[in-house]
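According to the numbering used here, the stretch in the sequence shown is residues 2 to 371, in order.
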Amino acid sequence: MIMKKPIYVTQPYLPPLDEFVPYLEKIWDNKVLTNGGPFHQQLEEALGEYLGVEHISLFTNGTIALVTALQALRVTGEVITTPYSFVATSHSLLWNGIKPVFVDVDPNSLNIDPAKIEAAITPETTAIMPVHCYGHPCDVEAIQEIADIYNLKIIYDAAHAFGVQDEGGGILRHGDLSVLSFHATKVFNTFEGGAIISPDAKAKTRIDRLKNFGHEGELTVVAPGINGKMSEVNAAMGLLQLQYIDTAILGRKEVDVAYRERLKGVKGIRCLPDTGEKVANFSYFPILVDSDYPLGRDALYQKLKDHGINSRRYFYPLISDFPMYRGLPSAHRENLPVATSAAQKILCLPIYPTLGMEEIEIITELIGAS
Ligand SMILES: *Cc1c(COP(=O)(O)O)cnc(C)c1O
């Protein structure tokens, strides 16, 4: 059976259009379109409250936020990071003239393996940039311990981790800075957008200057900043989305539960285990296609595609296999056996709040659930 309409790996959760119109009317009335307008301010406050963080700076997208976070901490030299992520993670290093050093991932979480970080530290190392992959928390304590010993900064790429909590609270409290993405494909979106979470007001002030060309007041420029500001339309979208975020995450959870239930008897298909989040956001539904599955991963991907179902091979190829990275010594596959194997087996199935149970049934039957 071929789907009447193609199914994508994700779909943005869109609140009713008529609820967005009053926001637009306000923007038209105020004639403030950007530069930290009223909706921008409101969204910073509302997100701070929702996420349980005090200091949040909104950005035009997550990538510029990553680039700016590195600037804010004056990171230079080498940064230890994961090859198993979206390419923006490492690109933010190259945009700062920093050399990425890839470290392999843990086979259970597919997050950077803290046990392998120490061996990658050199006198040039100044920071670690881990990713909470699929919104599953990194081993934050082990990473912090290493950072403390070697006096390294930690910048978490938390693009997948909106609203995630571990036993102690919100995941964004860890490290020196955390960066979110509000891209249309993420759990919470502002069309395009992102944010940096700072530990204190001083760091936030520095970041707010950097995202506004380095301006401090009207006449003074104190740093070679960039234009990373979020516009009022994006902020308005965020305020409206936030009213529906719990419903949206609950809808994702139902999809997650249904997939796990239906796929648990399928030989050769493995769902990723829980990795210690107290509150998850169900941002992705990754499965590993093992060698005892009758089809290869790419054949399964194609089979689904032939039926109008678009899964995604996140994360394949590894960042370290792209041309601008593969010449690095740390990019060799022998250095990254776990990530290399995961990249060959991984498939992310469609997950979004409005994905119906009939659709899940079709997808899981195609994979082999009876
Ligand atoms: C989406 C994403 C980014 C980039 O965010 P944008 O808002 O699209 O610029 C960075 N890192 C990871 C892991 C992502 O998934």
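Built from N, CA and C at the ideal position, the CB exists for glycine as well.
Practice task
Run through the segment 258-341 for me and flag every whole beta strand (DSSP E) of 3 or more residues, listed as ranges in chain order.
Solution key: DSSP runs (the beta strand (DSSP E)) wholly in the segment 258-341: 270-272 and 286-290.
Problem - Nearest residue (CA-CA) to residue 309, options 360, 316, 25 and 56 - result: The count along the sequence shown starts at 1 and reaches residue 309 at position 308. Answer by Cα proximity: 360.
Problem - Any non-hydrogen atom of ligand 1 within 7 Å of residue 191 CB - result: Numbered from 1 along the sequence shown, position 190 holds the residue referred to as residue 191. Not one heavy atom of ligand 1 is found less than 7 Å from the C-beta of residue 191.
Practice task
Rank 332, 218, 11 and 343 by C-alpha distance to the C-alpha of residue 322 and give the top, closest one.
Solution key: Residue 322 sits at position 321 when you count from the first residue of the sequence shown. Nearest C-alpha to residue 322: 332.
Exercise for the section: Leaving out five residues on either side along the sequence, give the residues of the same chain with a beta carbon under 7 Å from the beta carbon of residue 20. Expected result: Position 19 of the sequence shown, counted from the start, is the residue given in the question as residue 20. Cβ within range, chain order: 241.
Exercise for the section: Assess, as a yes-or-no matter, whether the segment 72-80 is touched by the segment 126-138 under the definition of 3 or more beta carbon pairs within less than 8 Å. Expected result: A contact between stretches requires three or more CB pairs, one per stretch, nearer than 8 Å, and the segment 126-138 meets this requirement with the segment 72-80.
Handout entry: At least 3 beta-carbon pairs within less than 8 Å: the segment 170-179 vs the segment 309-318
Key = no
Problem - residue 56 - containing beta strand (DSSP E), residue span - result: The residue you call residue 56 lines up with position 55 of the sequence shown. Note, residue 56: beta strand (DSSP E), 56-60.
Practice task
Over the uninterrupted alpha helix (DSSP H) stretch that includes residue 194, give me the two end residues.
Solution key: Residue numbering aside, residue 194 sits at position 193 when the sequence shown is read from its first letter. Here residue 194 belongs to no alpha helix (DSSP H), and DSSP marks it neither H nor E.
Practice task
State yes or no: is the C-beta of residue 40 nearer than 7 Å to some heavy atom of ligand 1?
Solution key: Walking along the sequence shown from the start, residue 40 turns up at place 39. For ligand 1, not one heavy atom lies less than 7 Å from the Cβ of residue 40.
Problem - Host beta strand (DSSP E) of residue 101 (start-end) - result: One-based indexing of the sequence shown puts residue 101 at position 100. Bounds of the beta strand (DSSP E) holding residue 101 are 100-103.
Exercise for the section: Flag residue 64 as yes when its Cβ comes closer than 7 Å to any non-hydrogen atom of ligand 1, and as no otherwise. Expected result: Looking up residue 64 in the sequence shown gives position 63. Yes, Cβ of residue 64 sits closer than 7 Å to a heavy atom of ligand 1.
Problem - Counted within 10 angstroms of its Cβ, other Cβ atoms place residue 238 as buried (16 or more) or exposed - result: Start at 1 with the first residue of the sequence shown, and residue 238 comes out as number 237. When all chains shown are included, residue 238 counts as buried.
Exercise for the section: Would you be able to state if there are at least three C-beta pairs under 8 Å between the segment 133-148 and the segment 273-290? Expected result: yes
Practice task
Could you check the C-alpha separation between residue 32 and residue 334 for me, to the nearest Å?
Solution key: As a position in the sequence shown, residue 32 is number 31, starting the count at 1. As a position in the sequence shown, residue 334 is number 333, starting the count at 1. If I take the Cα positions, the gap works out to 54 Å.
Problem - Whole-number beta carbon distance between residue 320 and residue 282, since they are thought to touch under 8 Å - result: Residue numbering aside, residue 282 sits at position 281 when the sequence shown is read from its first letter. Residue numbering aside, residue 320 sits at position 319 when the sequence shown is read from its first letter. So it is not a contact: roughly 23 Å between Cβ atoms.
Exercise for the section: Taking the CB atoms as reference points, tell me whether residue 96 and residue 54 lie closer together than 8 Å. Expected result: Here the question's residue 96 lines up with position 95 in the sequence shown. Here the question's residue 54 lines up with position 53 in the sequence shown. No.
Handout entry: residue 9 versus residue 65: straight-line alpha-carbon distance, rounded
Key = Locating residue 9 in the sequence shown gives position 8, where the first residue counts as 1. Locating residue 65 in the sequence shown gives position 64, where the first residue counts as 1. Each residue's Cα considered, the two are about 26 Å apart.
Practice task
Below 8 Å on the Cβ atoms is my guess for residue 14 versus residue 260; work out the distance and round it to an integer in Å.
Solution key: Start at 1 with the first residue of the sequence shown, and residue 14 comes out as number 13. Start at 1 with the first residue of the sequence shown, and residue 260 comes out as number 259. So it is not a contact: roughly 18 Å between Cβ atoms.
Exercise for the section: To the nearest angstrom, report how far apart residue 104 and residue 328 are at their CA atoms. Expected result: In the sequence shown, the residue the question calls residue 104 occupies position 103. In the sequence shown, the residue the question calls residue 328 occupies position 327. Computed Cα separation, rounded: 15 Å.
Handout entry: Bridge partner(s) assigned by DSSP for residue 1
Key = There is simply no residue 1 to check, as the chain begins at 2 and stops at 371 in what is shown.
Practice task
Starting from residue 79, follow the alpha helix (DSSP H) in both directions and report where the run begins and ends.
Solution key: Indexing the sequence shown from 1 puts residue 79 at position 78. Taken as a continuous stretch (DSSP letters only), residue 79 belongs to no alpha helix (DSSP H), being part of the beta strand (DSSP E) at 79-82.
Practice task
Give the DSSP-derived three-state secondary structure of residue 173 in the structure shown.
Solution key: The sequence position of residue 173 within the sequence shown is 172, counting from 1. Three-state DSSP puts residue 173 in a helix.
Exercise for the section: Could you tell me whether the segment 219-230 touches the segment 44-63, where touching means 3 or more Cβ pairs closer than 8 Å? Expected result: yes
Handout entry: Beta-carbon separation (whole angstroms), residue 115 vs residue 147, contact threshold 8 Å
Key = On the sequence shown, residue 115 is found 114 positions in, with the first residue counted as 1. On the sequence shown, residue 147 is found 146 positions in, with the first residue counted as 1. With a Cβ gap of about 6 Å, residue 115 and residue 147 count as contacting.
Problem - Reference residue 270; option with closest CA among 257, 291, 183 and 255 - result: Looking up residue 270 in the sequence shown gives position 269. Comparing C-alpha distances from residue 270 to each of 257, 291, 183 and 255 shows the shortest one belongs to 291.
Practice task
Indicate whether the contact test is met: 3 or more Cβ pairs, each with one atom in the segment 208-219 and one in the segment 79-88, closer than 8 Å.
Solution key: no
Handout entry: Which of helix, strand or coil DSSP assigns to residue 11
Key = Here residue 11 refers to the residue found at position 10 when the sequence shown is read from its first residue. Reduced to three states, the DSSP call for residue 11 is coil.
Exercise for the section: Closer than 8 Å by C-beta to residue 51: which residues in its own chain qualify, once you throw out the five before and the five after it? Chain order, please. Expected result: Working through the sequence shown from its first residue, we reach residue 51 at position 50. Cβ neighbours of residue 51 beyond the five flanking positions: 164, 243 and 246.
Practice task
Can you check the segment 198-249 for any alpha helix (DSSP H) of at least 4 residues that lies completely inside it and give the ranges in chain order?
Solution key: 202-211 and 233-243
Problem - residue 102 beta carbon less than 8 Å from that of residue 83 - result: Working through the sequence shown from its first residue, we reach residue 83 at position 82. Working through the sequence shown from its first residue, we reach residue 102 at position 101. No, Cβ-Cβ distance for residue 83 and residue 102 is not below 8 Å.
Practice task
Decide if the segment 344-352 is in contact with the segment 298-306; the criterion is three or more beta carbon pairs, one per stretch, under 8 Å apart.
Solution key: Yes, they touch.
Practice task
Could you check what DSSP says for residue 134 in three-state terms: helix, strand or coil?
Solution key: In the sequence shown, the residue the question calls residue 134 occupies position 133. Three-state DSSP puts residue 134 in a helix.
Exercise for the section: Report yes if the C-beta of residue 82 is less than 7 Å from at least one heavy atom of ligand 1; otherwise report no. Expected result: Taking the first residue of the sequence shown as position 1, residue 82 is located at position 81. No.
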